[in-house]
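Going down the list, the protein sequences come from chains A and B. Here the first sequence is numbered in the working numbering, starting from 2 and rising by one per residue. Here the second sequence is numbered in the working numbering, starting from 11 and rising by one per residue. C-beta atoms are modelled at their ideal positions from N, C-alpha and C, and glycine is treated no differently. Below is one structure, written out as structure tokens, with a few remarks after it.
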Amino acid sequence: MNSAKERKGENVEDLKKKVHKDWYEDGMFEIGFGMLYLIVGLVFLSPGMKFLHGSRLSMVFLRLVVVLAIVGGAFWLIRKLKEKVVWNRAGYSARRDYNPKTVLILSGVIFLFFGFYVLSFRFLSSGISTVFLGVMMVFVFIAQYIQAGKPIRFLVFSLIPLLVAGVNYFLGSTLDDGLFLMIYILGCTFLISGVVVYVNFKRKLA
Amino acid sequence: MKDKKIIKDIIALERLVHEPSRLAILTILSGVKEADFAFLLRISGLTRGNLSVHLSKLEEAGYVNVNKRFINKMPNTVYNLTKEGRKAFDSYLKNMEKIIKGKKK
Numbered sequence: 002m003n004s005a006k007e008r009k010g011e012n013v014e015d016l017k018k019k020v021h022k023d024w025y026e027d028g029m030f031e032i033g034f035g036m037l038y039l040i041v042g043l044v045f046l047s048p049g050m051k052f053l054h055g056s057r058l059s060m061v062f063l064r065l066v067v068v069l070a071i072v073g074g075a076f077w078l079i080r081k082l083k084e085k086v087v088w089n090r091a092g093y094s095a096r097r098d099y100n101p102k103t104v105l106i107l108s109g110v111i112f113l114f115f116g117f118y119v120l121s122f123r124f125l126s127s128g129i130s131t132v133f134l135g136v137m138m139v140f141v142f143i144a145q146y147i148q149a150g151k152p153i154r155f156l157v158f159s160l161i162p163l164l165v166a167g168v169n170y171f172l173g174s175t176l177d178d179g180l181f182l183m184i185y186i187l188g189c190t191f192l193i194s195g196v197v198v199y200v201n202f203k204r205k206l207a
Numbered sequence: 011m012k013d014k015k016i017i018k019d020i021i022a023l024e025r026l027v028h029e030p031s032r033l034a035i036l037t038i039l040s041g042v043k044e045a046d047f048a049f050l051l052r053i054s055g056l057t058r059g060n061l062s063v064h065l066s067k068l069e070e071a072g073y074v075n076v077n078k079r080f081i082n083k084m085p086n087t088v089y090n091l092t093k094e095g096r097k098a099f100d101s102y103l104k105n106m107e108k109i110i111k112g113k114k115k
């Protein structure tokens with residue numbers, strides 16, 4: 002906990018940044034997303050989903066539903082985790098709602114990315130398609146890195162999809178294999194990072 | 011003439027917002043939708059008593075809204091910035107910027 006004395010010299014902008022950054026400093030963001038990535042990986046790999054593998058287009062739409070479910074579900078899960086684990090000790094805060102203009106721009110970018118992905122899926126080989134997906138995910142993680150107040154670990158996360166896609170390309174694996182591998186590695190990395198960040202956060206509070 | 015304008019801007023600064031602890035509280039609340047006492051305490055670094063007094067003053071002025079509720083049967087007091095509070099905070103920052111820019115010129 003920082004005292005008012007330590008706060009001396011902190012200007013309004015610093016304090017605003019600190020408030021914004023604080024939302025990511027308890028590790029719940031990573032734990033929430035990590036859990037969801039692993040769940041999504043399991044859903045993709047479960048035998049129940051095999052009937053969809055016949056049609057490439059249905060797989061594309063299934064992925065769109067999954068992406069939207071991850072984005073929507075992650076924030077609900079993070080809020081629940083914070084409620085159970087963090088708020089009783091560190092205090093509660095709710096993030097400000099995005100203004101409609103930002104929501105519109107973000108939705109546009111997501112659909113644009115997905116459109117490119119669908120096109121790459123149809124016209125490129127599966128190896129290049131995975132690399133393309135990796136590059137798109139790097140952009141998403143870099144945007145998240147800037148949004149979260151530039152914590153260095155977010156920059157490290159952004160390298161994972163690219164590395165996995167590169168390895169996948171050189172091994173000549175299928176798009177599905179590359180995607181599952183990416184989701185699992187991201188899920189595990191997020192979970193481990195989240196736990197480490199939470200332990201440090203708890204130590205700071207003590 | 012320019013000095014007179016700067017002085018006018020300085021006088022226009024609102025004392026209620028100008029106090030450093032209250033300015034810190036308003037800054038924190040301006041960055042969130044709502045926050046409870048424990049969160050404000052941790053981020054501001056103020057003492058319980060100090061924070062409580064300043065929050066009461068801001069509430070009296072109508073700049074901060076207070077909402078008492080229960081989470082898992084535990085009492086929880088949540089604060090958020092009112093429209094007037096946000097307006098006062100924004101206009102304070104604008105005035106301050108004007109003064110600094112005027113002084114630099």
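Item: Whole-number beta carbon distance between B:A45 and A:G92, since they are thought to touch under 8 Å; Value: 7 Å
Item: Where the stretch 73 to 105 of chain A meets chain B: residues whose CB sits under 7 Å from a CB there; Value: A91, G92, Y93, S94, A95, R96, R97 and D98
Item: Partners in chain A for B:V42, counting only beta-carbon separations shorter than 7 Å; Value: V20, S94, A95, R96 and R97
Item: Neighbourhood of A:I186 by C-beta, 8 Å cutoff - its chain only, sequence neighbours within 5 removed; Value: I161 and V165
Item: Cβ of B:R52 within 8 Å of any chain A Cβ; Value: yes
Item: Contact set between B:D119 and chain A, taken where Cβ atoms lie within less than 9 Å; Value: The shown model of chain B, from 11 to 115, leaves out residue 119 of chain B, and the question about it has no answer.
Item: Residue burial classification, A:G179 (beta-carbon count within 10 angstroms, cutoff 16); Value: buried
Item: Start-to-end residues for the alpha helix (DSSP H) that takes in B:V63; Value: R58 to E70
Item: Rounded C-alpha distance that separates A:N12 from B:N86; Value: 29 Å
Item: Proximity of B:K95 and A:K17 at Cβ, strictly below 8 Å; Value: One detail in the question is off: residue 95 of chain B reads as Gly in this sequence, not Lys. No. Outside cutoff.
Item: Beta strand (DSSP E) segment containing A:E26, residue limits; Value: Element bounds for A:E26: n/a, residue is neither H nor E.
Item: Neighbour list for A:D27 in chain B, Cβ cutoff strictly below 9 Å; Value: Those within 9 Å of A:D27 in chain B number zero; the least Cβ separation is about 11 Å.
Item: Simplified DSSP state of A:N12, which is helix, strand or coil; Value: coil
Item: Cross-chain neighbours of B:F80 in chain A, by beta carbon under 7 Å; Value: By Cβ distance, chain A contributes nothing, its closest Cβ being about 13 Å from B:F80, past 7 Å.
Item: Coarse secondary structure for B:Y73, derived from DSSP in three states; Value: coil
Item: Nearest residue (CA-CA) to B:F99, options B:K78, B:E29 and B:K14; Value: B:E29
Item: Proximity below 8 Å, CB of B:R32 to CB of B:K67; Value: yes
Item: Buried versus exposed, by CB contacts within 10 Å (16 or more), B:K97; Value: exposed
Item: Expected contact under 8 Å - CB spacing of A:F191 and A:F34 to nearest Å; Value: 5 Å
Item: Per DSSP, cross-strand counterpart(s) of A:I96; Value: First, the amino acid is wrong: residue 96 of chain A is Arg here, not Ile. Answer is B:V42.
Item: CB contact flag (B:T92, B:Y73, <8 Å); Value: yes
Item: Exposed unless 16 or more other CB atoms sit within 10 angstroms - verdict on A:L105; Value: exposed
Item: Interface residues of chain A facing B:I38 [CB-CB closer than 9 Å]; Value: L16, K17, K19, V20 and S94
Item: Per-residue burial, B:T37 [other beta carbons within 10 Å of its own, 16 or more giving buried]; Value: buried
Item: Cα-Cα separation between B:L51 and B:L39, rounded to whole angstroms; Value: 12 Å
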